[in-house]
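Chains as they are written, first to last, in the working numbering: chain B, 3 to 889; chain A, 212 to 360.
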């Protein structure tokens with residue numbers, strides 16, 4: 003019974019205790035707030051008059067600045083639970099003193115204090131309690147549970163309204179303060195009891211965390227953050243307009259109610275039952291509608307409900323300022339606002355970084371709220387008494403339209419903010435970042451040049467060079483000539499080709515200086531770039547170099563330049579030199595010769611290269627494998643010579659084999675070879691397979707869908723195929739990726755169903771704790787996770803805006819917090835049917851709540867379930883089933 | 212001793228290995244050597260050369276910096292690992308490991324651990340997590356001691 007109720011209320015196993023605590027606490031707060039609201043309104047309206055309401059708004063705005071700032075400074079120093087106890091306790095003491103003051107004949111001053119007390123508390127306490135409740139849950143839980151938590155307050159408000167109506171039969175209106183005090187005492191006891199195990203030391207630690215911060219620091223930091231955060235700007239603007247709407251409608255409705263009832267008691271009694279009815283309506287909305295609407299349509303739709311209802315209710319009030327439109331108006335700002343606006347408002351705070359949420363709230367409470375109340379009070383004071391209802395009715399219509407616009411903009415800003423927030427916390431390598439540099443401003447170029455001249459760090463220098471090469475190609479050659487000699491030979495080797503390509507004045511002198519350096523890589527690069535010039539004086543020395551007076555690498559470079567050039571007189575000698583090098587017993591000669599063959603790409607050397615595939619030195623074998631990859635051409639028959647390299651004992655050779663695969667024109671054969679090493683024990687080999695897709699270029703005709711079908715069970719290969727399909731400029735890449743996405747989502751559902759059936763049948767046949775049941779369930783869970791990750795990968799590759807890349811990284815992080823942010827972010831975009839389906843599955847996986855998505859066949863037998871595992875599982879699952887349950 | 216698949220499930224629950232999948236653990240389990248000690252034995256003593264670390268399958272191990280099992284600084288049980296410090300920093304054992312109850316464990320040699328860390332970098336995260344937890348515990352003890360002084 004309890005579990006069915008929990009399921010109906012969307013409470014998942016493990017959440018029951020905390021949800022019950024929060025709902026009960028909010029229930030008590032709700033009773034107190036309604037008792038305070040009805041009694042303070044009735045006392046004030048009848049003893050002072052509703053026409054003083056605007057003045058009260060101005061006074062409350064000033065008080066809010068003071069109390070809001072005190073709250074903000076405390077919120078940073080004191081733990082949320084401790085601050086709750088202090089706020090509730092202080093309010094109880096304050097109310098008790100006010101009651102004593104009233105009873106001692108304090109008269110109007112005490113009533114004024116009571117009204118203002120409620121006005122301040124209704125803003126500060128409710129904002130703080132929401133913050134406190136949110137601290138128990140992540141973004142996804144909040145979205146699911148917050149309406150239920152708010153419903154607790156609404157239920158309290160219903161009871162509070164009824165309590166006021168009943169209590170007024172034997173108590174005077176002022177005594178309602180005591181009822182409020184009782185609820186506050188009960189709330190304090192609850193919080194203290196719930197947090198009884200929190201250690202004093204950690205409380206003290208929280209207390210000292212913000213020591214030394216100024217009183218206004220939090221508010222100032224929140225306001226500074228608002229300069230860069232569009233979401234906070236729009237949140238502030240939304241709150242500002244909301245206060246104007248709320249105050250306007252409250253004033254308008256209160257004026258109509260006060261005119262309708264003659265004495266304080268009848269007004270308080272009417273307000274008591276009517277507030278109870280309004281809160282009951284809000285409660286029904288929250289429990290039956292809000293959560294489900296949030297799940298079905300998302301925050302962006304629910305966020306717009308209240309602005310629309312404001313527009314409608316103000317429209318009615320403007321057309322007919324009578325009791326029924328006034329009651330609808332009250333239903334709007336007291337019922338619908340709490341049912342739809344409050345839950346979503348709190349959820350939008352997940353769009354701020356955690357450390358900024360408190361500061362954002364502080365800035366709103368201490369700055370926006372008081373300013374809005376002051377403006378609202380001033381605006382209402384300016385309205386002529388005679389036309390108050392008409393003027394305010396139409397003003398409300400205008401404000402509602404502005405509010406709708408702000409909310410619409412806020413939805414967009416929330417999506418962007420979530421994306422940025424996830425990006426801060428996850429690593430997702432961005433492809434082609436340098437391509438986006440574009441042409442740089444001269445000032446920026448100058449500052450990069452200064453940094454390049456000053457830096458000693460080669461990594462930084464390489465990055466600056468890359469940026470300049472993209473952003474200011476005209477300047478980079480001269481600068482490189484100037485700075486390169488300061489750096490190591492390997493750095494110079496990397497930039498020499500770039501310098502030769504850019505040909506700044508004096509580049510040949512620099513290259514000749516490089517020839518004199520000891521590093522053989524740098525010397526051979528210098529030789530190659532110098533010999534590119536037909537009239538270079540170095541040509542007179544080539545015969546000497548070929549005859550063995552140079553290091554093997556330089557000899558190889560000279561041979562390669564001659565053989566790829568057009569000078570027939572030297573070609574014969576160069577060919578003979580290369581042949582000698584490939585027959586040498588010196589590994590250095592062999593490697594240099596193979597490098598020359600690789601650069602030449604001529605098939606005539608294939609025999610010699612094949613002969614070196616079995617050489618005893620791993621580095622020679624690796625060089626031979628790499629060279630073989632460059633000689634395949636269109637024909638694939640030679641590719642079979644590569645196969646043994648994937649079994650080579652040296653990981654260096656296996657990495658070379660992976661790199662050589664890119665030379666094969668048959669996609670099927672490429673994938674077949676890569677599948678041989680996809681589970682290689684060496685990480686470097688696996689990484690080479692991973693990065694293969696980054697360099698993938700289509701050689702032959704692709705048949706991705708067929709290959710995807712063949713390798714669907716192999717997760718690593720499937721991932722590789724998807725990346726290759728996205729990278730290779732394949733015409734129908736979107737179709738391929740969509741097919742992969744759909745199939746992976748289908749498999750998530752299939753495997754989850756299988757997992758649940760397995761669990762059910764294992765329990766029924768007393769196998770629940772058995773090794774096969776536990777192990778197969780574990781493997782199925784892993785496979786579900788991997789299908790989801792592959793689905794997200796396909797989505798990322800389909801997504802040209804690259805928004806999904808960070809979402810995928812956040813999902814892969816295994817952090818519950820980041821995953822829920824990822825879900826929120828994905829949900830907030832413009833999603834088609836497939837993405838909606840994926841969202842449902844991701845959410846079910848995060849909350850482990852699959853009942854609504856998967857219909858189970860609970861009559862399956864153990865054998866039939868295992869047979870299904872054999873049919874739809876990956877090779878690993880099939881192997882597990884066969885070994886764990888033989889036969 | 213547990214079966215191959217039971218060992219995989221055991222490893223899956225150990226923080227050190229928790230980020231690896233069952234198919235990856237399937238390849239790792241054969242690398243680990245089963246080992247056992249009777250109550251009262253010592254696995255190693257302070258200043259012994261360090262060449263392997265241990266993962267406890269069942270039983271209890273006590274760690275002492277000085278003296279016998281009466282002066283323990285840590286008490287380890289199912290799923291905990293010990294002896295990793297020496298094979299990471301190449302120094303001698305910094306403490307003595309006492310067998311408090313009959314214990315079954317899995318042994319991982321220094322070279323094998325290094326190879327595993329190269330093959331599965333995720334293991335490094337698990338190891339850092341476990342080591343951070345220990346540093347945190349030591350910091351807490353230190354704070355308590357300072358407050359006591």
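The C-beta atom is built at its ideal place from N, Cα and C for all residues, glycine as well.
What residues match up with residue 264/A in a beta bridge as DSSP calls it? 319/A
CA-to-CA distance, residue 194/B to residue 204/B, given in whole angstroms: The predicted position of residue 204/B is uncertain, since its pLDDT is 39 and thus under 50; a value taken from the coordinates is nonetheless stated next. About 15 Å.
Considering only C-alpha positions, which residue in the set 491/B, 529/B, 341/B, 499/B is nearest to residue 521/B? 491/B
Residue 782/B CB to nearest chain A CB: under 8 Å? no
One question on the structure: do residue 117/B and residue 58/B come within less than 8 Å of each other, judged by their Cβ atoms? yes
Just to check my reading of the structure: residue 822/B and residue 428/B have Cβ atoms closer than 8 Å, yes? What is that Cβ distance to the nearest angstrom? Actually they are not in contact, since the Cβ atoms of residue 822/B and residue 428/B sit about 13 Å apart, beyond 8 Å.
Residues of the stretch 227–240 of chain A with a CB closer than 8 Å to any CB of chain B: list them in chain order, please. 230, 232, 233, 234, 237, 238
What residues from chain C crowd round residue 676/B, counting only those whose CB sits closer than 7 Å? Looking at the structure shown, chain C is missing, and the protein chains on hand are B and A.
Proximity to residue 306/B [Cα-Cα], best of 33/B, 347/B, 266/B, 851/B: 347/B
How is residue 461/B classed by DSSP in three states: helix, strand or coil? helix
Identity of the residue in 173/B, 224/B, 35/B nearest residue 131/B by Cα: 35/B
Does any residue of chain B bring its CB to less than 8 Å from the CB of residue 330/A? yes
When you compare each of 863/B, 310/B, 643/B, 331/B to residue 319/B by their alpha carbons, which one comes out closest? 331/B
In DSSP terms, what residue 255/A is bridged to: 308/A
Quick one: what does DSSP say residue 314/A is sitting in, helix, strand or coil? strand
Meets three-Cβ-pair contact criterion under 8 Å: the stretch 54–71 of chain B and the stretch 119–131 of chain B: yes
Strictly by DSSP, which residues pair up with residue 292/A? 266/A
Chain B partners of residue 363/A, CB-CB under 9 Å? Residue 363/A lies beyond the residue range present for chain A, which begins at 212 and ends at 360; the question has no answer from this structure.
If the cut is a Cβ gap below 8 Å, which residues of chain A does residue 886/B touch? 216
Could you check whether residue 677/B and residue 707/B sit closer than 8 Å to each other, using their CB atoms as the reference points? no
Using DSSP's beta-bridge definition, name the partner residues of residue 285/A. 274/A
Among residues of its own chain, excluding the 5 on either side of residue 162/B, which ones have a beta-carbon nearer than 6 Å to its beta-carbon? 33, 36, 37
Interface residues of chain A around residue 773/B at Cβ under 9 Å? 214, 216, 217, 220
Quick check: what's the CA-CA separation for residue 671/B versus residue 640/B? 12 Å
Within-8 Å CB hit, residue 321/A to chain B: no
Neighbourhood of residue 31/B by C-beta, 7 Å cutoff - its chain only, sequence neighbours within 5 removed: 131, 155, 158, 189
Once DSSP output is grouped into helix, strand and coil, what is the label at residue 520/B? coil
Would residue 252/B and residue 335/B qualify as a contact pair, given that the criterion is a beta-carbon distance under 8 Å? yes
May I ask you to report which of helix, strand or coil DSSP gives residue 247/A? strand
Determine which residues of the stretch 326–352 of chain B have a Cβ less than 8 Å from any Cβ of chain A, and write them out in chain order. none
Judging by CA-CA distance, which residue of 316/B, 354/B, 423/B is the nearest neighbour of residue 399/B? 316/B
Of all the CB atoms in chain A, is at least one closer than 8 Å to the CB of residue 776/B? yes
Residue 864/B touches chain A at which residues, Cβ-Cβ below 9 Å? The contacting residues do not exist; residue 864/B stays about 17 Å from chain A at best.
In chain order, what residues of the same chain have a beta carbon less than 7 Å from the beta carbon of residue 207/B, not counting five sequence neighbours either side? Confidence is the limiting factor: at residue 207/B the pLDDT is only 34, short of 50, which leaves the residue's position unreliable and the question unanswerable from this model.
Nearest-angstrom Cα distance between residue 525/B and residue 487/B? 14 Å
Determine, using beta carbons only, whether residue 784/B and residue 233/A come nearer to each other than 8 Å. yes
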